[in-house]
Amino acid sequence: MSDMKRLRPTHLSLARTARWAAWACLAAGVAGCASWSQTAQRLATLGGALTPYRMDIQQGNVVVREQVEALQPGMPRAQVQAILGTPLVASIFHADRWDYVFTFQRQGQPPQRRVVSVFFDGERLARVQADGELPSEREFVAELQVRRPSGPPPALEASEAQLRAAEGRAAAASASPAAEPPAPADAYPPLEAR
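Residue numbers (mature numbering (1 follows the signal peptide of the UniProt record, and there is no 0)): -27 to -1, 1 to 167.
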């Protein structure tokens, strides 16, 4: 019996040690996977010299300053919804609050996030709360434009002189003889031996 009692604590300590070793290996493996993905990304982009295209991600309702200025206390819910659109969050626990959340992510820029909360007293608008100053519609559209055209815009109509020059080039191209007439069909060798 005394031999069994001696084996038992050793067996438990070995199991405990094995369990801790397994947890340590698992933690090291997870840490290794995380660092490997960063290393693989650096290799794939040649140290950041090549970056894959990532499309712009726009989510939620765009609420601009002009829309918020159009809201007046006492407006019914339907009229508020007609101005701002369907709320992104209309909680059943906060029936007198609508949240309009807008997020925008563009490659190489920090993500933008705007939240506008509309509070009601019964069926009437009580107040509007925004987290920061909202842009006007023009400012928002200007933020979305990636490239700004440089120089004057191209002419959408051709002048009379440009039309005559184009007609002259078209007439000269049609008047020039064709380089070689097509070969007759029987001039080609047969595909199969006879």
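Glycine included, each C-beta is placed from N, C-alpha and C at the ideal position.
Neighbourhood of residue i by C-beta distance below 6 Å, restricted to the same chain and skipping five residues each side
i: arginine 100; result: Phe92
i: leucine 130; result: Correcting the residue type first, residue 130 is glutamate in the shown sequence and not leucine. Taken in chain order, the list of residues that qualify is empty.
i: glutamine 102; result: Ser90
i: arginine 27; result: Gln80
i: methionine 48; result: Leu98
First and last residue of the uninterrupted beta strand (DSSP E) at residue i
i: glycine 33; result: 30 to 33
N-terminal and C-terminal residue of the alpha helix (DSSP H) that residue i is part of
i: leucine 136; result: 133 to 148
i: glutamate 42; result: 38 to 43
Neighbour-count burial assignment, residue i, 16 or more Cβ in a 10 Å radius
i: glutamine 85; result: exposed
i: methionine 36; result: It should be noted that the sequence gives valine, not methionine, for residue 36. Buried: at least 16 other Cβ atoms inside 10 Å.
i: arginine -12; result: exposed
i: alanine 75; result: Reading off the sequence shown, one finds phenylalanine at residue 75, where the question assumed alanine. It is buried - the Cβ of phenylalanine 75 has at least 16 other Cβ atoms within 10 Å.
i: valine 53; result: buried
i: glutamine 31; result: exposed
i: proline 127; result: exposed
i: proline 60; result: buried
i: glutamine 82; result: exposed
i: glutamine 135; result: exposed
i: glutamine 40; result: buried
Sequence-distant residues of its chain with Cβ nearer than 7 Å to residue i (five each side left out)
i: alanine 1; result: none
i: glycine 58; result: Asn34
i: phenylalanine 113; result: Val35 and Val37
Assumed close pair residue i, residue j - CB separation to whole angstroms, cut-off 8 Å
i: arginine 38; j: leucine 107; result: 5 Å
i: glutamate 96; j: arginine 50; result: 6 Å
i: valine 88; j: aspartate 72; result: 6 Å
Cβ shell of residue i (< 8 Å), same chain only, five flanking positions each side left out
i: serine 123; result: none
i: alanine 143; result: none
i: proline 46; result: Arg97, Leu98, Ala99 and Arg100
i: leucine 44; result: Val53, Ile56, Leu57, Val91, Leu98 and Val101
i: aspartate 94; result: Asp69
At 3 residues or longer, what runs of the beta strand (DSSP E) sit wholly inside the segment 92 to 131? 97 to 103
Please give the ranges of any alpha helix (DSSP H) in the segment 48 to 76, keeping only runs that are unbroken, at least 4 residues long and fully inside the region. 50 to 57
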